[in-house]
Structure formats: structure tokens, C-alpha cells
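Heads up: the sequence shown begins at 994 in the working numbering, then just goes up one per residue.
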Amino acid sequence: MSSGNADYRDSGLVFPEDFVFGAATASYQIEGAWNEDGRGVSIWDTFSHTPGRISDGANGDVTDDHYHRLEEDLDLMKRLGLQAYRFSISWPRIVPTGSGEVNQAGIDFYSRLVDGLITRGITPIATLYHWDLPQPLEDKGGWVNRETAYRFEEYTRVIGAALGDRVQIWTTLNEPWCSAYLGYGSGAHAPGRTDGADALAAVHHLNLAHGLGLSALRAVVSNDPQYSVTLNLHALRGVGETGAEAVRQIDALGNRAFTGPMLHGAYPQDLLDDTASITDWGFVQEGDLEIIHQPIDVLGINYYSTNAVRIWDGVSERVSADGHKPSAGSAWPGADRVEFVQQDGPYTEMGWNIAPDGFEQLLRDVHAEFPDLPLMITENGAAFADVVTDGAVHDPERTDYLRRHLTAVHRAMEGGVDLRGYMVWSLMDNFEWAYGFSKRFGVVRVDYDTLVRTVKDSGLWYSELVRTHVIPE
Ligand code: IFM
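What follows is the structure, encoded as C-alpha cells:
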């Protein structure tokens, strides 16, 4: 698959003054302190402590130790000049068993984080759920159980009341596609379950949690924040004659299963038809779609690469380059005949193809479908095998990746897409889920032995961009 990416490397492009540049992280990936100050156990603690689940045998017990290094990390953000910081809140730090008793120490931690950001002139963007479900809720069925959505609503009310005078953008869920399909379909992510019907029930209950969470926030916050959700919308390329049909199926499962109910107020009929032999969608109850379909102020988009698909001919050896860790089950229930085709490089260390043109196209497509909805890039970045040389990290590939993707963002804006900001993934190297510490996404290096932070060359480059709003040389 060739792609037209060669010319996506402009410098000198100017972003509007009110365009916000920041960085993103997630609680389980950076905090550590997994069993301190009253924090409960999450599904990722259980999963990462289970032998064989994480490629390098790592876990998030300590990871970047951000919980204990909060002030140092806030100073680092200030030094980089970040205008916004997108973090996630660990549900089991706030409600350790997932329901009932609230842990004040957890609330205090995020309150200090938010105050520390505001003092430094950095806008707090809070994500309520970036995958660390309290284990006791999983023990009752996790996201397959409708009750989990109501527990999410309760947790949201607690943390919304505590931080709802200061947080400026609230994001309900991060990438519910991963929570549902990797957590309950392919089993590559916690809780590691592999049942297509469960994955689809999880899709709906996550959508429901999004709606319930929005209502809960609206009822308790005291400032005037923006409301959002972050989706990892799949940028799809059809291959050959069957490409269009394969794109339709994957688009339904990967994109429209979320944008349908959240932004149009209905599940797409073709999704229901494609999955009819797996589930009758009886878990969608009367009134659910009204709860889910609420106005949001900005849609968060995470983008890394594209997927190329076609319908498998049933004869030739089947490839399955869907960009995720090989796993026991399928991440695509009902799309059994779709084949993910290996795309041309270059690739990042994740094996993901580098495709800024796919990024621009995705942004244009989303804007065309939802012209009145502002967009924000809530994640974009790349893992590469960094090398430390005399205390520095020269990572030209990451800078090049960022430049190309920021060029794509700029071109989309020139083309009329209403884009409000860009959060690089990630502020610092961290626990990359099923890959442990083997993949580094940070613009700041973390030495996992000493926990020393070193700004990479890409971080210096990004810092200049943030300061000037012009893509540097
Ligand atoms: O590290 C993850 C993040 O938690 C969610 N989006 C994709 C990133 C890179 O895989």
C-alpha cells in the first residue's frame, strides 16, 4: 500500500494564537503507588500481575512514580511551556472498591495536581476513564454488566463535585474501542476476556456510562467547563475490489458503534445486522439512547496510523496486521472475514505505519460528518527505540513524526476543520499496556532504574512549537 506522505514535512507553518498545545498521559501508565494511600486494585493491576499477559513481564506498580513526583513533573511541564495537560483520574484511587466508600487521599492527589497546573498557567483536561476499572466491579461482570455504568456515574459525581470548580475540559472515556474490544473481545488488554457478545455489550455499557457521566458532571460542576469524549477513530483504507465492504464493516464496529449513539442518537443498522448472529443487542434498554446522545462541546481524537482492509478470499494465507498485539480472541466481532493488510512503511517501533495523510483525511471526514463540532487532538505521537548519548536523547524519527502529523493538522485546519488543540502522546515514557516498558512514546525520557527524567530532542522541538506556535525547523 503506498501512501502520499512524502511531502508532509513543512516547517514555518503558523498555528492560531488560541490553538492549545499540550501533552497527555494516563493514570495507570505513569502514577505507580498502586497500593498506597487507600487506592483499590484495578483490572490492570490484576492483568499485569498475571504471568504472560505483558510482553516484558512489567507492571504499573511503580512505572514513572508520578504519584510521588508530582511537583517535579509539574515543573517539567512548566519548563516545556505546555499550555494544557491531559491526565486521567484513577477510579480506584477515588472509589477503591468501585462503589460506596470514597477515598479522600485520592481526591486530594488530583486536587493538588489541578491546583499545581493552574498555578503554573496550564489548563487541566481531565479524563474520567482511561481503562483502570476497579477490580471488584470486574468481579461482578465489568463492562458487560450494565451496573458498571451506574457505578461510573456515581464516581463521576464524586470527582466532578471535587474538581468541578477548576477542571476546564472533562473527557468521559478514553478510547472505549480499546476497553470493549481489546478488553472483552481479543483479550489483549485487561481484563483479558475473549467473547464477541461480551465485547458488544461492553460497547453499549461504555456508551451508556458516557451519557450518565455527562449528566452527572453537568449536575455537580460549578464552573463552566467543556464536555468531551476521546475516540480512537479508525482511519481506514480499502484494498482491492472488496475494500469498500471491509471498510464498511470495520467502520461500523470501530467508529460508528460510538459516534452513532453518542452523536447521532442511534446505533447504525448495518452494525446491528452484521452482529445479529452474535447478539440481539437486547442490552440496549428503552431510554438509553436519549441518555447517551447528549451535546458535547469538543470531540477528542486520538490518531496514530491507518488500517488497510479487504475481505479475505478464504484461500490465500491470511494476514492480520491490525496493529495490535496478537491475542487469543477477535477484536472485531462479526467481521470475521475482514483481513487487515500489511501497509508500506516507514513504521514506528509499534509496527504502526506512519501516515499523516490518513490523519488529514480522517479529520476532514469527521468534520464533514459533524461540521458544527469542534475537534481536539487528544493523542498523537510515536514510539521509537531511543538511545541515550552523553545524557541526551537524539530522536529525529519522533520529531519527524510529530512534524509530519502537525503538518497534517495544519492542512486540515486550512481546509476548514475546526481544530482547537493538540496533545502530544506522551509527556513522558510510560507503561505501554500489553507491551510494558518496551515501547517509549515520551517526549521526555524516563530512566526506569533511577526514574530520572530527561527531555528528548523531540521535547525541545515541541517546546519551541508550543512557545512560538510555528512549526520549527
Ligand atoms: O499508550 C496508549 C494510550 O494509553 C491510549 N492511546 C494509544 C497510546 C499508544 O498505544
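Where is the CB? At the ideal position from N, CA and C, for every residue including glycine.
CB contact below 9 Å: Arg1249 versus chain C: The question asks about chain C, but that chain is absent: this structure has only one protein chain.
Distance CB(Thr1447)-CB(Gly1384) smaller than 9 Å: Result yes, Cβ atoms of Thr1447 and Gly1384 sit closer than 9 Å.
Phe1434 beta carbon near ligand 1 (any heavy atom closer than 8 Å): Under cutoff, so the answer is yes.
Option nearest Ala1301 by Cα separation, candidates Glu1310, Gln1278, Glu1332, Val1308: Taking the Cα of Ala1301 as reference, the smallest distance to any Cα among Glu1310, Gln1278, Glu1332, Val1308 is reached at Glu1332.
Sequence ranges, alpha helix (DSSP H) only - wholly within the region 1159-1247, length at least 4: List check, alpha helix (DSSP H) in window: 1189-1213, 1236-1244.
Counted within 10 angstroms of its Cβ, other Cβ atoms place Thr1272 as buried (16 or more) or exposed: The C-beta of Thr1272 has 16 or more other C-beta atoms within 10 Å across all chains shown, which makes the residue buried.
Arg1396 beta carbon less than 9 Å from that of Gly1074: Not in contact: Gly1074 and Arg1396 (Cβ atoms no closer than 9 Å).
Any non-hydrogen atom of ligand 1 closer than 8 Å to Ser1419 Cβ: Yes - ligand 1 has a heavy atom lying nearer than 8 Å to the Cβ of Ser1419.
Own chain, CB closer than 8 Å to Ser995, minus 5 neighbours either side, in chain order: A caution first: Ser995 carries a pLDDT of 41, below 50, which makes its placement in the model unreliable, though a value can still be read off. Within the same chain, Ser995 has close Cβ partners Asp1337.
Where the alpha helix (DSSP H) through Val1107 begins and ends: Note, Val1107: alpha helix (DSSP H), 1097-1112.
C-alpha distance - Ser1419 paired with Val1436, whole-angstrom precision: The C-alpha of Val1436 is placed about 6 Å away from the C-alpha of Ser1419.
Residue range of the unbroken alpha helix (DSSP H) whose run includes Ser1456: Unbroken alpha helix (DSSP H) run through Ser1456: 1450-1461.
Cα-Cα separation between His1360 and Asn1028, rounded to whole angstroms: Each residue's alpha carbon lies about 43 Å from the other.
Contacts around Asp1411, its chain only, beta-carbon distance under 6 Å, and the 5 residues preceding and following it disregarded: So the list reads Pro1367, once near-sequence residues are dropped.
Three-state secondary structure assigned by DSSP to Ser1473: Residue 1473 lies beyond the range of the chain shown here (994 to 1466); nothing can be said about it.
Secondary structure of Arg1032, DSSP reduced to three states: Of the three classes helix, strand and coil, the one that applies to Arg1032 here is coil, per DSSP.
Met1070 to Glu1457 span [Cα, whole Å]: Whole-angstrom Cα-Cα distance: 13 Å.
Close-in-space but distant-in-sequence residues of the same chain around Lys1449 (CB under 6 Å, 5 per side omitted): Within the same chain, Val1386, Asp1388, Val1436, Arg1438 come within 6 Å of Lys1449 by CB-CB distance, once the 5 residues on both sides are set aside.
Cβ-Cβ separation, Gly1414 to Arg1357 (assumed contact under 8 Å), whole Å: With a Cβ gap of about 18 Å, Arg1357 and Gly1414 do not count as contacting.
Inter-residue spacing [alpha-carbon to alpha-carbon] between Trp1124 and Asn1167: If I take the Cα positions, the gap works out to 8 Å.
Inter-residue spacing [alpha-carbon to alpha-carbon] between Asp1188 and Met1255: So the alpha carbons of these two residues sit roughly 24 Å apart.
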